[in-house]
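Quick note, the sequence shown lines up with residues 3 to 404 if you use my numbering. Each residue gets a CB set at the ideal place from its N, CA and C atoms; glycine is no exception. Computed from a predicted structure; not experimentally measured. What follows is a short report on a single structure.
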Amino acid sequence: NIDICKTTYENTEVFLICNKTLFEREGIYLDKSGKPFEDEILRYYIFSKAALEISKESDIIHCHDWHTSFAVILAKIKNLKNIIFTIHNIAYQGIVNREKLDFLQDEEKSIIFKTGEYYDKVNLMKSAIILADIVSTVSPNYCYEIQNFPQFGMGLENILKQNSHKLLGILNGIDYDLWDPSKDKHIYHNYSIQNVEEGKKINKQKILSELNLKYTDVLFGIVARLDHQKGFDILSQAVESLEIGSFNLIVLGTGNPDIQNSILNLSKKYPDFVSVNIMFDESMARKIYASSDFFIIPSRFEPCGLSQMISYKYGTIPIATKTGGLKDSIIDIFSNPNEGTGILIDHADPFLLSQAMKKAIDLTKQNNINQLREKIMNLDFSWLQSAQKYIELYKKVLYSLA
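As structure tokens, this is what we get:
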């Protein structure tokens, strides 16, 4: 039995699909061991079917990631229109063996096997891409990358290219009510654009003291999943090539054990200047954003990325790879001094990252670093900007597909 529960959150009606057997578990996607639940396909099918039942009278049905592919498929079977499918990360595609879909009805199987055929398996995301009226991603550049480069499209680049007429990218935003250094209760000292220099200095002094690090003029911060996609396998080599003692580095995150260990070795080798914290702690994450001069994001691919947007709001200059949403939201200050908002490197490479960090250290010696902080704090990456683009998309869908 499926129960439909309704609540209101910030003036918006929210429907919840409830079933103890399927959904009351310790993890959302993965079990305690980090593996997908054995019955995950059934769970997403039931969720999608129930959600579609609630929303069948809606003007638009907007589905997110492969887990809702069944909603796209079932909507098409019911001849519902105005179906939007958003890809947040194409690395997760919902590729399953055919026998996992034995519970489906014959008509459902037929359409899924036809549209989702993928090397003798079924790719649920592929099926949703083909059947949806519009396919969106979370940044314009990621939309381009996944169509044109196999390393980004991950096996779906040709299907995406064939459907390019209905693809677009809309950059995500952040909620400035949640991310605001003038109101953030977690940081040591609140500050705004008016006193960013003083505010960041106080926060830096406090966090370095708390972590027993010696004070330097430059603090690099990292809050991330420490894995290959995020590019942190190159960090140790990049840091080792710099003059130790000319900067501090604080890392917060968990991830690949080998990458974690390589980064942990930095803190063991340079305990006065490097602090590595293998955990996630929201309060500490916010303190790192507030106290850092630069924020390191060396991703190999990044559909959108929110760290750079949060960094901006806290007056922290991002150092990032020129990929996905990072490329859409960061302008390199060395290529374009007037419009620049951060430091971009071409791809995840230890030499390129170390060069960027050297440039950052030199940048802090210049008088105009504070002007740059003020400029990036003034940037608008709020959800209001993104929401307006979604409204335009919804209008386009309603009027052009009617």
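Next on the checklist: Please identify the residue among Gly307, Thr256, Ile333, Glu199 whose C-alpha is closest to the C-alpha of Leu294.
Outcome noted: It is Ser, not Leu, that sits at residue 294 in the sequence shown. Ranking Gly307, Thr256, Ile333, Glu199 by Cα distance to Ser294 puts Glu199 first.
Item to check | From Ala77, Asn174, Pro259, residue whose alpha carbon lies closest to that of Leu328 | outcome: Asn174
Item to check | Reduced DSSP secondary structure (H/G/I, E/B, other) of Val140 | outcome: In this structure, Val140 counts as coil in the three-state DSSP scheme.
Next on the checklist: Taking 8 Å as the limit between beta carbons, can you name the residues of its chain near Asp135, skipping five residues before and five after?
Outcome noted: Lys83, Asn84, Ile85, Ile86, Lys168, Val399, Leu403
Checklist entry - Under 8 Å between the Cβ atoms of Ile89 and Ile132? => result no
Checklist entry - Quick one: what does DSSP say Ile371 is sitting in, helix, strand or coil? => result helix
Checklist entry - Identify the residues that DSSP records as bridge partners of Ser277: which are they? => result Ile252
Checklist entry - So is Cys7 buried or exposed if we call it buried at 16+ other beta carbons inside 10 Å? => result exposed
Checklist entry - So Asp334 packs on Gly342, CB below 8 Å; how close in whole Å? => result 6 Å
Item to check | Inside the region 185-233 only - alpha helix (DSSP H) runs reaching at least 4 residues | outcome: 198-212
Next on the checklist: Starting from Ala53, trace the alpha helix (DSSP H) in both directions and tell me its first and last residue.
Outcome noted: 42-57
Checklist entry - If you scan the region 148-183 from start to end, which runs of the beta strand (DSSP E) of 3 or more residues do you find wholly inside it? => result 169-171
Checklist entry - Which residues in the same chain have their Cβ closer than 6 Å to the Cβ of Ile280, if we skip the five residues on either side of it in sequence? => result Thr256, Gln262, listed in sequence order.
Item to check | Three-state class that DSSP yields for Gln32 in the structure shown | outcome: First, the amino acid is wrong: residue 32 is Leu here, not Gln. Leu32 falls in the strand class under three-state DSSP.
Checklist entry - At what residues does the alpha helix (DSSP H) containing Thr23 begin and finish? => result 22-25
Next on the checklist: Suppose the cutoff is 7 Å on Cβ atoms and the five residues either side in sequence are ignored; what does the same chain contact list for Asp229 look like?
Outcome noted: The beta carbon of Asp229 sits closer than 7 Å to the beta carbons of Gly257, Asn258, Ile261 from its chain, once the five residues preceding and following it are set aside; these are given in chain order.
Checklist entry - Excluding five sequence neighbours on each side, which residues of the same chain lie with their C-beta closer than 6 Å to the C-beta of His188? => result Within the same chain, and ignoring the five residues on either side of His188 in sequence, the residues whose Cβ sits closer than 6 Å to its Cβ are Ser285, Arg288.
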